[in-house]
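*Asks:*
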Amino acid sequence: MNKPSWLLVVLSLWGLEAAIQPLSGQHHEEHSMEMEGMSHHVRSPSTVMGLHSLSPGKVMINYRFGMMKMGEAHHHLGRDHVTAESVLRDYQVAPVRMRMRMQMVGAMIGLPGNLATTFMLPITSRSMDHTTAAGGKFTTESNGIGDLSIGLTTSRHLAQNANAAFGITLGVPTGTTNAKDMTPASSPNKMILPYPMQLGSGSLEIKPEASASLQLGGFDLGGKMNATLRTGNNEIGYRIGNEFSSSLWIALEPVTSTQTSLALDYNSWGNISGSDPRLQQSLKMVPTADPKLRSGRELLLTPEVIVSKNTSRLGSHGFVLSGTIPLWHSLEGPQLGLAWSLNLGWRLSTN
169 MNKPSWLLVV
179 LSLWGLEAAI
189 QPLSGQHHEE
199 HSMEMEGMSH
209 HVRSPSTVMG
219 LHSLSPGKVM
229 INYRFGMMKM
239 GEAHHHLGRD
249 HVTAESVLRD
259 YQVAPVRMRM
269 RMQMVGAMIG
279 LPGNLATTFM
289 LPITSRSMDH
299 TTAAGGKFTT
309 ESNGIGDLSI
319 GLTTSRHLAQ
329 NANAAFGITL
339 GVPTGTTNAK
349 DMTPASSPNK
359 MILPYPMQLG
369 SGSLEIKPEA
379 SASLQLGGFD
389 LGGKMNATLR
399 TGNNEIGYRI
409 GNEFSSSLWI
419 ALEPVTSTQT
429 SLALDYNSWG
439 NISGSDPRLQ
449 QSLKMVPTAD
459 PKLRSGRELL
469 LTPEVIVSKN
479 TSRLGSHGFV
489 LSGTIPLWHS
499 LEGPQLGLAW
509 SLNLGWRLST
519 N
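Using the numbering used here, count along the sequence shown one by one with no gaps and you end on 519.
1) Can you tell which of P224, M235, A301 and M268 has its C-alpha closest to the C-alpha of T251?
2) Straight-line CA distance for E240 to A507?
3) With distances taken Cα to Cα, identify the nearest neighbour of D248 among N394, G501, P471 and S429.
4) Please report the distance separating the alpha-carbon of R294 from that of M266.
5) Looking only at its chain, what residues have a beta carbon closer than 6 Å to the beta carbon of T286, apart from the 5 residues adjacent to it on each side?
6) Starting from A327, follow the beta strand (DSSP E) in both directions and report where the run begins and ends.
7) With DSSP as the reference, label K135 as helix, strand or coil.
8) Are S254 and S429 close, meaning C-beta to C-beta below 8 Å?
9) I want to know whether the segment 225 to 239 touches the segment 383 to 399 - three or more CB-CB distances under 8 Å.
10) Just verifying my parser: in three-state terms, what is the DSSP assignment at M453?
11) Hey, how far is the Cα of L504 from the Cα of Y434?
12) Would a C-beta distance cut-off of 8 Å place E359 and M296 closer than the cut-off?
13) In three-state DSSP terms, what is L506?
14) Tell me, please, whether the segment 442 to 450 touches the segment 464 to 474 by the rule of three or more beta-carbon pairs shorter than 8 Å.
15) Given a cut-off of 8 Å, decide if L219 and S379 are closer than it, judged by their beta-carbon atoms.
16) For the segment 303 to 311 against the segment 322 to 342, do three or more pairs of beta-carbon atoms, one drawn from each stretch, fall closer than 8 Å, so that the two count as touching?
17) What do you get for P422, buried or exposed, if any count of 16 or more other CB atoms within 10 angstroms of its CB means buried?
18) I'd like to confirm the pairing. Which residues does DSSP put opposite L283 in its beta bridges?
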């Protein structure tokens, strides 16, 4: 890892410990259960879980279904859009678009000491459409479970209108790095698919994060920083690049039990270290097989609506609808960038 990676890990761990120490001996039942069994009401995007501290023994169950499309008008080399025809001047095969459908099952469990543990497991289906220099078209597919995430978070009520949270998550390599499918070049046999079509990283991951929010009248303003740091090469012999993300958001509650938010997200990710030797013969055939063409940066805009209802004996329900569109990309490529994503979610918080 480089120095910034280590610094972010150390700062997150320090923040987690600093938050735990003064809170571990406090009595946490003094806060009323205002929203979904949480100890105080913080308006934030549904992906910012750490700011909502669950009382010990309380459970939140999450289910999310997401769809994503990449490519076509968002096929980039740096900041510039490129066409499949221009890619075919250097390669025999050009990716045109990629679609992904993902189901995410998760849970958050409140622990003593103002802590909570989280679990998330994705189930993913991916497809990538290609065109060839000879004018042919074909699609490759992969599907299965992704990498399991197990985390620990703590939240801190800094003042009457200010909150902060720190967390550390461990990514367990349960997703495959051996996804195969048939292509015109391999028919009738299946061959290993390029890096974007693999469902897991194959490496143990450390994911530190920190977030904060400030309530100003009827609005909540907040920010979040997080990273995904891969600890070493996988069994194939490569390591997916580290990822860094930051987000700013504004949230409000226009009517009772309905929250809206708007987030501005900046993401960056590095190239792959090492390579999959099984893709060596594909390096000059398709750009997705080149580990040196995987890094990039993007700026995204994500509006979201959350509707909460206390209609069950088990607890309160929350329904989430969010969408994401890109504002700009800068991709080392040619590489497919995000065109749009749509997410539907449901969550249940026990009484």
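Where a beta carbon is used, it is the ideal one built from N, C-alpha and C, also for glycine.
It should be emphasised that the depicted structure is a prediction, and the values quoted were computed from it without experimental measurement.
*Replies:* Walking through what the data contain:
1) A301
2) 8 Å
3) G501
4) 7 Å
5) M276 and G319
6) L316 to A327
7) Beyond the ends of the chain as shown, which are 169 and 519, falls residue 135; an answer cannot be given.
8) no
9) no
10) coil
11) 17 Å
12) Residue identity check: residue 359 is Met in the sequence provided, not Glu. Not in contact: M359 and M296 (Cβ atoms no closer than 8 Å).
13) strand
14) no
15) Cβ distance < 8 Å, so S379 and L219 count as in contact.
16) Segments in contact, no.
17) exposed
18) DSSP, once it has assigned bridges, lists L279 and T322 as partnering L283.
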